[in-house]
Amino acid sequence: MDWNETGELVRRARAGDPAAWRALVDRYSRLLYAIARSYGLGGADIDDVVQTTWLRLVERLPRLRDPARAGAWLAVTARRESQAVLRRRGRERPLTGHTPTVTGPHHAVFGRELAGSVAAALDTVPPRCRALLELSIASPRLSYAEISTALGVPLGSVGPTRTRCLLHLRRRLGVA
239 MDWNETGELV
249 RRARAGDPAA
259 WRALVDRYSR
269 LLYAIARSYG
279 LGGADIDDVV
289 QTTWLRLVER
299 LPRLRDPARA
309 GAWLAVTARR
319 ESQAVLRRRG
329 RERPLTGHTP
339 TVTGPHHAVF
349 GRELAGSVAA
359 ALDTVPPRCR
369 ALLELSIASP
379 RLSYAEISTA
389 LGVPLGSVGP
399 TRTRCLLHLR
409 RRLGVA
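Going by my numbering, the residue at position 64 of the sequence shown is 302; the numbering climbs one at a time, nothing skipped.
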């Protein structure tokens with residue numbers, strides 16, 4: 239399946255084509271299960287995350303701006319749903335390593351400015367790079383195989399493409 243085929247499947251699913259829905263579910267369900275598992279969820283919680291993620295796609299399908307990026311959208315949604323399950327269960331795990339502490343308003347302003355700069359720089363990278371970077375950032379626990387499946391690119395190209403995309407982004411941010 240090539241990069242643009244996901245977009246075509248989404249367009250057909252919008253039109254009510256059950257074969258397109260089956261193809262989307264076949265293509266992305268393993269990824270969604272892997273994301274939920276990566277949050278330490280099990281059994282029914284994983285099933286709930288996957289089912290809710292598909293429900294969110296059904297709800298937003300008519301308004302999905304870029305059908306070709308549906309895989310990245312599903313991955314981000316599964317991550318958010320997994321976090322929501324953890325919050326509801328009161329089991330959200332703290333981040334490991336050093337977590338910076340906000341000590342004043344200047345830190346909040348700097349953080350917003352940095353986020354804005356990164357978002358603006360992401361807007362300048364090619365669409366495939368943007369999708370790969372968004373997926374990598376949104377779900378850092380995904381394997382290259384899962385990213386390959388989500389984006390419909392060869393497994394061996396994920397690492398080198400990611401490296402080139404990060405270099406492009408760093409140049410745009412002036413940190414390369």
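Glycine included, every Cβ here is placed at the ideal spot set by N, Cα and C.
Give the straight-line distance between the Cα atoms of residue i and residue j, rounded to the nearest whole angstrom.
{"i": "L270", "j": "C367", "result": "21 angstroms"}
{"i": "A316", "j": "R275", "result": "10 angstroms"}
{"i": "R400", "j": "R326", "result": "34 angstroms"}
{"i": "Q321", "j": "E297", "result": "20 angstroms"}
{"i": "R249", "j": "A306", "result": "9 angstroms"}
{"i": "W259", "j": "D361", "result": "30 angstroms"}
{"i": "L293", "j": "D286", "result": "10 angstroms"}
{"i": "A257", "j": "G394", "result": "29 angstroms"}
{"i": "L299", "j": "E243", "result": "16 angstroms"}
{"i": "G397", "j": "G254", "result": "36 angstroms"}
{"i": "L295", "j": "G390", "result": "19 angstroms"}
{"i": "H281", "j": "A261", "result": "According to the sequence displayed, residue 281 carries Gly and not His. Approximately 24 angstroms between the Cα atoms of the pair."}
{"i": "Y277", "j": "G245", "result": "28 angstroms"}
Short check: CB of residue i to CB of residue j, under 8 angstroms?
{"i": "I375", "j": "A313", "result": "no"}
{"i": "A417", "j": "A369", "result": "This structure does not reach residue 417, given that the chain is present from 239 up to 414, and the question cannot be answered."}
Identify, in the order they occur along the chain, each residue of the same chain with its Cβ nearer than 7 angstroms to the Cβ of residue i, setting aside the five sequence neighbours on each side.
{"i": "P338", "result": "Because the pLDDT at P338 is just 48, under 50, the model does not fix this residue reliably, and the point stays unresolved."}
{"i": "P392", "result": "S386"}
Can you find the residues in the same chain that come closer than 6 angstroms, C-beta to C-beta, to residue i, ignoring five residues on each side of it along the sequence?
{"i": "D283", "result": "V323"}
Do you know whose CA, among the options, lies nearest residue i's CA?
{"i": "P364", "options": "Q289, Y277 and R410", "result": "R410"}
{"i": "R301", "options": "R260, R252 and R379", "result": "R252"}
{"i": "L279", "options": "V413, R318 and E246", "result": "R318"}
{"i": "C403", "options": "A257, A359, L380 and R379", "result": "A359"}
{"i": "V356", "options": "V413, R379, D286 and G281", "result": "V413"}
{"i": "E384", "options": "L247, R268 and G281", "result": "R268"}
{"i": "V263", "options": "G281, Y277 and T290", "result": "T290"}
{"i": "D304", "options": "L247, G397 and Y382", "result": "L247"}
Taking 7 angstroms as the cut-off, does the CB of residue i come closer than this to any heavy atom belonging to the ligand ATP?
{"i": "L299", "result": "Within the structure as shown, the ligand ATP is missing, as the structure has no ligands at all."}
Which same chain residues end up closer than 8 angstroms to residue i when comparing Cβ atoms and leaving out the 5 residues on each side of it in sequence?
{"i": "L371", "result": "L360, V363, R400, C403, L404 and L407"}
{"i": "V288", "result": "S267, L270, Y271, A274 and A316"}
{"i": "A388", "result": "Y266, L269, G309, A310, L312, A313, L373 and L380"}
{"i": "Y382", "result": "L393, V396 and G397"}
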